[in-house]
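Okay, so the sequence shown: first residue is 1 according to the UniProt record's numbering, each after it adds one.
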Amino acid sequence: MADDYLIEVDDCIKRYGGVVALKGVSLRVRKGSVHGLLGENGAGKSTLVKIIAGIVQATSGTMRFNGEEIVDADVKAMEEKGVFLVTQEPMIVEPMTVADNLMLGRWPARSGFVRDRHMMALATSFLEEANLDPRRLASTLSVVEKRKLNILRALHSGGKLIILDEPTTALTMADKHQLFTFMKQLRAQSVSFLFISHYNEEILEICDEVSVLRDGQMIGQGQVVSHLDSSALSEMVIGRDVHLFKRVTDEAKGDVVWTLRDVRASGLSVDRLDIRKGEIIGFAGLPGSGAKELGRAIYGLMPSARGFLDESGVAHALPRDPAEALRTGIAFLSEDRLRDGIIAIQSIAENMTLSSLPAVSRFGWVSRSAERQLVEKFWRLFAVKAASHAAPLGSLSGGNQQKVLLSRLVATEPRLVILNEPTRGIDVGVKEEVHRLVDDLSHRGVSVIIITSDIEEMLRIVDRVALFVDGRISAIEPAHGLTKEDVFEMAYSASDRSVSASHQPLH
Ligand SMILES: Nc1ncnc2c1ncn2[C@@H]1O[C@H](COP(=O)(O)OP(=O)(O)OP(=O)(O)O)[C@@H](O)[C@H]1O
Ligand SMILES: [Mg+2]
Numbered sequence: 001m002a003d004d005y006l007i008e009v010d011d012c013i014k015r016y017g018g019v020v021a022l023k024g025v026s027l028r029v030r031k032g033s034v035h036g037l038l039g040e041n042g043a044g045k046s047t048l049v050k051i052i053a054g055i056v057q058a059t060s061g062t063m064r065f066n067g068e069e070i071v072d073a074d075v076k077a078m079e080e081k082g083v084f085l086v087t088q089e090p091m092i093v094e095p096m097t098v099a100d101n102l103m104l105g106r107w108p109a110r111s112g113f114v115r116d117r118h119m120m121a122l123a124t125s126f127l128e129e130a131n132l133d134p135r136r137l138a139s140t141l142s143v144v145e146k147r148k149l150n151i152l153r154a155l156h157s158g159g160k161l162i163i164l165d166e167p168t169t170a171l172t173m174a175d176k177h178q179l180f181t182f183m184k185q186l187r188a189q190s191v192s193f194l195f196i197s198h199y200n201e202e203i204l205e206i207c208d209e210v211s212v213l214r215d216g217q218m219i220g221q222g223q224v225v226s227h228l229d230s231s232a233l234s235e236m237v238i239g240r241d242v243h244l245f246k247r248v249t250d251e252a253k254g255d256v257v258w259t260l261r262d263v264r265a266s267g268l269s270v271d272r273l274d275i276r277k278g279e280i281i282g283f284a285g286l287p288g289s290g291a292k293e294l295g296r297a298i299y300g301l302m303p304s305a306r307g308f309l310d311e312s313g314v315a316h317a318l319p320r321d322p323a324e325a326l327r328t329g330i331a332f333l334s335e336d337r338l339r340d341g342i343i344a345i346q347s348i349a350e351n352m353t354l355s356s357l358p359a360v361s362r363f364g365w366v367s368r369s370a371e372r373q374l375v376e377k378f379w380r381l382f383a384v385k386a387a388s389h390a391a392p393l394g395s396l397s398g399g400n401q402q403k404v405l406l407s408r409l410v411a412t413e414p415r416l417v418i419l420n421e422p423t424r425g426i427d428v429g430v431k432e433e434v435h436r437l438v439d440d441l442s443h444r445g446v447s448v449i450i451i452t453s454d455i456e457e458m459l460r461i462v463d464r465v466a467l468f469v470d471g472r473i474s475a476i477e478p479a480h481g482l483t484k485e486d487v488f489e490m491a492y493s494a495s496d497r498s499v500s501a502s503h504q505p506l507h
């Protein structure tokens, strides 16, 4: 019945110049349900939800919300009706506190006093669980904390339809669990969700129905999730089941090339870590445990850090800044695409070659043909989807921006690579390509450090896992034979007893 549906989109077309992002799409979301939206990078997911939220106007098509025809509504009009979108990139007012940011999205007049108090209580408990101090200034939050605040704001909005565009990237298991619990509580109060994710297991866990976009077309609308499994989802998204990449590790490998010694910074104290030529090592740990921090220190992003990074037995102080790190042969993929990564208005080609200008320059001039060759190579390798090499990076879908950043990093021909959340926002098919690329880099002698909240992914591609607790490395274990549960247990149980942590049993 039509009044079962909160949102009904019909024949939606969206053109961006010559690019047709949506080619006549229809979507129906039931009241009080969690509806998954799936599809490859560039399939049109973000475009569709931006249209529903009034951020982008459709070229043509119709939309009904709660049975009412919506014409020319902007964000404010849609928020007043109860539609909230949490985008892929955090939108936070930095000079305001966490509590003030939380209030921004609220429309108390709509939600009614009792319900409102109930929401407030839920949100406060979530803030506590999420370890976010309401009095903190938003500018001091990490990327992940900002993301959590954004999600909270939407959940707290009193809205009827909450849209989450890849909300879980870089969240810990505990955060994810909290988010899903909160979503279920709101669903029981007949709030609906549109949920975009590249993780099949999340779709299977939280969604009631799922719709799949492929190349701007809806190829499966409102499929009941309880009838599906992970391979069925992958088949719908990329037209085939994914073959999960698993690195074949060779324990007795190359010589130790990189040695970290006596690294000290606030909250970080690492006496020694040896990394072999061509080794892939994972840094795992809870937020603030030092895993991310050590990665930043190695790339010169923690100016207060002191210590050594020796290469082949030659003593070197840690790089003082990223420029020095790059000259040393170190490359870094940031988890914060917008802050440290992309130059949105520059073209894809310029962004890809930005860090490797010396390689494509002769006597200070950028060689256009060298640049073109390099761009061509990565364009094909990662199946970048965009109008042309000259398209501004900001016009690409989230996953395609990540592919360009990875290309830029590999193009610098580094000897040590630090990857933060490397497959962030990348679809299930290309994720495996990225794993193969990293494996391939290692076979060419590049040492790789991977820092990701996706422990399952980490265990498939690394040789060893270094576990961080309270700023120290508490254990280093071969990945072979470790399970996700082992790693969590080590991270959580050891955080209470960091002194004896180096002797923690694995099970
Ligand atoms: N502002 C824009 N200008 C030009 N083209 C755009 C713009 N925004 C999106 N596109 C294009 O529309 C298509 C769909 O992009 P969209 O962001 O909706 O994909 P997506 O399914 O969300 O992908 P991802 O999983 O990578 O986030 C892409 O080809 C993209 O390049
Ligand atoms: Mg998107």
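Just so it is clear, CB atoms sit at the ideal spot from N, CA and C, and this is done for glycine as well.
Using the Cα positions of I13 and I449, report the straight-line distance between them to the nearest angstrom.
For the purposes of this step, residue 13 is taken as the residue at position 13 of the sequence shown. For the purposes of this step, residue 449 is taken as the residue at position 449 of the sequence shown. Taking the straight line joining both Cα atoms gives about 43 Å.
Provide the residue span of the beta strand (DSSP E) that contains H435, from first to last.
Taking the sequence shown and counting its residues from 1, the one referred to as residue 435 is at position 435. Segment 428–443 is the alpha helix (DSSP H) holding H435; no beta strand (DSSP E) there.
Measuring CA to CA, which of S46, T62, G32, G39 is closest to E8?
Translated into the one-based positions of the sequence shown, residue 8 becomes position 8. Comparing Cα positions, the closest option is T62.
In the DSSP assignment, find the beta strand (DSSP E) that holds M218 and state where it starts and stops.
Counting from one through the sequence shown, the residue named residue 218 turns up at place 218. Taken as a continuous stretch (DSSP letters only), the beta strand (DSSP E) holding M218 covers 217–224.
At which residues does the beta strand (DSSP E) containing T259 begin and terminate?
Here residue 259 refers to the residue found at position 259 of the sequence shown. Counting along the chain, the beta strand (DSSP E) containing T259 begins and ends at 256–265.
What first and last residue would you give for the beta strand (DSSP E) that runs through P478?
As a working note, residue 478 is residue 478 in the sequence shown. Note, P478: beta strand (DSSP E), 472–478.
Looking only at C-alpha atoms, which of L171, D310, F180, S304 sits nearest to R272?
For the purposes of this step, residue 272 is taken as the residue at position 272 of the sequence shown. Restricting attention to L171, D310, F180, S304, the CA atom closest to the CA of R272 is found in D310.
Have a look at the DSSP bridge pairing and note the partners of P392.
Residue numbering aside, residue 392 sits at position 392 when the sequence shown is read from its first letter. According to DSSP, which records beta bridges pairwise, P392 is partnered with S347.
If the criterion is Cβ atoms closer than 8 Å, does the pair I418 and Y492 meet it?
Your numbering for residue 418 matches position 418 in the sequence shown. Your numbering for residue 492 matches position 492 in the sequence shown. No, these two residues do not count as a Cβ contact at 8 Å.
Does the separation of the CB atoms of E201 and G398 fall below 8 Å?
Counted from its first residue, the sequence shown places residue 201 at position 201. Counted from its first residue, the sequence shown places residue 398 at position 398. Not in contact: E201 and G398 (Cβ atoms no closer than 8 Å).
Could you tell me which whole beta strand (DSSP E) segments of length 3 or greater appear in the region 65–103?
83–86
Just to confirm my understanding: we take R276, look at its own chain, exclude 5 residues before and 5 after, and list those with CB closer than 6 Å. What are they?
Reading the sequence shown from its first residue, position 276 is the one you call residue 276. Answer for R276: K253, G254, V256, listed in chain order.
Between V178 and A170, what straight-line distance do the alpha-carbon atoms span, to the nearest angstrom?
Indexing the sequence shown from 1 puts residue 178 at position 178. Indexing the sequence shown from 1 puts residue 170 at position 170. The sequence given here places Gln at residue 178; Val does not occur at that position. Each residue's alpha carbon lies about 14 Å from the other.
With DSSP as the reference, identify every bridge partner of S60, one or two as the case may be.
Taking the first residue of the sequence shown as 1, we reach residue 60 at position 60. Per DSSP, I13.
Note down, in chain order, each residue of its chain lying with its Cβ closer than 7 Å to the Cβ of G445, except the 5 sequence neighbours on either side.
Position 445 of the sequence shown, counted from the start, is the residue given in the question as residue 445. Excluding residues within five positions, the ones whose Cβ falls inside 7 Å are K277, G278.
Considering only the beta carbon of each residue, do P90 and V143 sit closer than 8 Å?
Residue 90 sits at position 90 when you count from the first residue of the sequence shown. Residue 143 sits at position 143 when you count from the first residue of the sequence shown. Yes, Cβ-Cβ distance for P90 and V143 is below 8 Å.
Contact defined as beta carbons within less than 8 Å: I believe Q217 pairs with V25. What is the distance between those atoms, to the nearest angstrom?
The sequence position of residue 217 within the sequence shown is 217, counting from 1. The sequence position of residue 25 within the sequence shown is 25, counting from 1. Contact holds; Cβ gap of about 7 Å.
Assign I476 to buried or exposed, taking buried as 16 or more other Cβ atoms, counted over all protein chains shown, within 10 Å of its Cβ.
Along the sequence shown, one-based indexing puts residue 476 at 476. Answer is exposed; the Cβ neighbour count stays below 16.
Beta-carbon of A130 versus every beta-carbon of chain D: anything under 8 Å?
Of the chains in the structure shown, none is chain D; there is only one protein chain.
Do R460 and L244 have their CB atoms nearer than 8 Å?
As a working mapping, residue 460 is identified with position 460 in the sequence shown. As a working mapping, residue 244 is identified with position 244 in the sequence shown. Yes.
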